[in-house]
Amino acid sequence: MSSILITGATGNIGVVLVEHLKKDHQLTLVDIDFSKMPEHLMDGSTIKKADLIKPENWSGLLEESDYVIHLAGDPSPDAGFYDSLLDMNFKLTYNLFEEAKKETNQVKRIIFASSVHAIDNYPDNVQVKTSDYPRPADLYGVSKVFMEALASYHAYTNGQEAIGIRIGAFNGDISPDIANADAFSVYLSERDLCHLIDCCLEATLKEPFLLVNGVSNNRFPRMDIYQAHVDIGYTPQDDAFEMQGSGVYDFKKEPEIDMDFE
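Here numbering that gives the first Met the number 0 is used: position 235 in the sequence shown is 234, and no number is missing along the way.
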């Protein structure tokens, strides 16, 4: 049984991963507010209420953790640099890696949430690989590129293993309100997300830093997932376009997308 610390544990992705991981791992859940976290998810886990923007709140936090899953941050593509991104996405992630490199910590691997927003300025008809240059379409995407670069720096300078996941559109189970080809191309289901995290925890890396794309096995994926299959054994099962083909969805309606974009 591994010990896993999850930052941003009360978010949409966090609660899904806690439900998935708690039966086989010892979890430490970190967030600033647990008032809306279901009680059954907190049972058996270590709960830490902390403002991770403050460097002093990281002191000793990682000492008992084998792995860190880093989800904390502002997930809004409309977030402003000085309003929240500087603190939540830049400083907070910097604090994590600074703490992880201390000799008292023995973190084997940091798995962190990057985003499709890191490459969303490519034309819609281009399938993007992790080897392609980042091309963010907003400052939120810029903050994710920073995370990727910071993780790479610590991997090759300090030997801290890290895997970044460019997460597509995640909202748990797909909804009939979402019937847009662009949304389907970046869809990531709950089942495939949990499988991807398992792969990230279990894989043996050839290099100390790896970047993978996190979308389901969609027929027309916005991001290439073959590399994730080769490097860490990611084999997603769900296809948003196949779900659409079941007759539940109608592309002609073209409703607004209501998904959580990571």
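Glycine residues also receive a C-beta, built at the ideal position from the N, C-alpha and C atoms.
Problem set entry | A180 vs S215 beta-carbon contact at 9 angstroms | Counting from 1 along the sequence shown, the entry for residue 180 is found at position 181. Counting from 1 along the sequence shown, the entry for residue 215 is found at position 216. No, these two residues do not count as a Cβ contact at 9 angstroms.
Exercise. Which runs of the alpha helix (DSSP H) spanning at least 4 residues fall entirely within the stretch 25–62, listed in chain order?
Worked result: Whole alpha helix (DSSP H) segments, 4+ residues: 38–41.
Problem set entry | Start-to-end residues for the alpha helix (DSSP H) that takes in S151 | In the sequence shown, the residue the question calls residue 151 occupies position 152. If you look at S151, you'll find it in the alpha helix (DSSP H) that goes L138 to N157.
For this session: State the DSSP-derived secondary structure class of L70, mapped to helix, strand or coil.
Result: Reading the sequence shown from its first residue, position 71 is the one you call residue 70. L70 sits in coil when the DSSP states are folded into three classes, being neither helix nor strand.
For this session: Apply the 10 Å Cβ neighbour rule to E63 and answer buried if 16 or more other Cβ atoms are within range, or exposed otherwise.
Result: Against the sequence shown, residue 63 aligns to sequence position 64. Exposed: under 16 other Cβ atoms inside 10 Å.
For this session: Just list the alpha helix (DSSP H) runs in the stretch 81–139, keeping only unbroken ones of 4 residues or longer that don't cross its boundaries, in chain order.
Result: Fully enclosed alpha helix (DSSP H) runs of no fewer than 4 residues occupy 91–99 of the stretch 81–139, in order along the chain.
Problem set entry | Boundaries (first-last residue) of the beta strand (DSSP E) holding R165 | Indexing the sequence shown from 1 puts residue 165 at position 166. That run of the beta strand (DSSP E) goes A161 to I166.
Exercise. Under three-state DSSP, which class holds S2?
Worked result: Residue mapping note: residue 2 aligns to position 3 of the sequence shown, counting from 1. Of the three classes helix, strand and coil, the one that applies to S2 here is strand, per DSSP.
For this session: Measure the alpha-carbon distance for D77 versus D137 and round it to whole angstroms.
Result: Within the sequence shown, the letter at position 78 stands for residue 77. Within the sequence shown, the letter at position 138 stands for residue 137. Roughly 8 angstroms between the two C-alpha positions.
Problem set entry | Spatially closest choice to T6 from V67, E55, P54 and H19, by CA coordinates | Walking along the sequence shown from the start, residue 6 turns up at place 7. Of the candidates V67, E55, P54 and H19, the one whose C-alpha sits nearest the C-alpha of T6 is V67.
For this session: Grab me the residues of Y139's own chain with a C-beta within less than 6 angstroms of its C-beta, minus the 5 sequence neighbours each way, in chain order.
Result: Taking the sequence shown and counting its residues from 1, one reaches residue 139 at position 140. Cβ within range, chain order: P76, A78 and H116.
For this session: With a cut-off of 8 angstroms on the beta carbons, I'd call R218 and V185 a contact; round off their distance for me.
Result: Here residue 218 refers to the residue found at position 219 when the sequence shown is read from its first residue. Here residue 185 refers to the residue found at position 186 when the sequence shown is read from its first residue. That belief does not hold up - the Cβ atoms of R218 and V185 are roughly 13 angstroms apart, past 8 angstroms.
For this session: Can you check DSSP and say which residues form a bridge with V211?
Result: Within the sequence shown, numbered from 1, the residue matching residue 211 stands at position 212. According to DSSP, V211 bridges with I164.
Exercise. D32 and T9: beta carbons closer than 9 angstroms?
Worked result: Taking the sequence shown and counting its residues from 1, the one referred to as residue 32 is at position 33. Taking the sequence shown and counting its residues from 1, the one referred to as residue 9 is at position 10. Yes, they are a contact pair.
For this session: Have a look at N104 and F96 and give me their C-alpha separation to the nearest angstrom.
Result: Stepping through the sequence shown from its first residue, residue 104 is reached at position 105. Stepping through the sequence shown from its first residue, residue 96 is reached at position 97. Approximately 11 angstroms, taken between the alpha carbons.
For this session: Check whether the Cβ atoms of A202 and L192 sit closer than 9 angstroms, and answer yes or no.
Result: Residue mapping note: residue 202 aligns to position 203 of the sequence shown, counting from 1. Residue mapping note: residue 192 aligns to position 193 of the sequence shown, counting from 1. With contacts defined as CB atoms closer than 9 angstroms, A202 and L192 fail to qualify as a contacting pair.
Exercise. Which class does F169 belong to by DSSP, given the choice of helix, strand or coil?
Worked result: Numbered from its first residue, the sequence shown carries residue 169 at position 170. Of the three classes helix, strand and coil, the one that applies to F169 here is strand, per DSSP.
For this session: Tell whether a beta-carbon distance below 9 angstroms holds between L28 and S2.
Result: On the sequence shown, position 29 is the one that residue 28 refers to. On the sequence shown, position 3 is the one that residue 2 refers to. Contact check for L28 against S2 fails: the beta carbons are separated by 9 angstroms or more.
Problem set entry | Nearest neighbour of I164, chosen from P54, K53, L85 and C199 [CA to CA] | Residue 164 sits at position 165 when you count from the first residue of the sequence shown. The shortest Cα separation from I164 among P54, K53, L85 and C199 belongs to C199.
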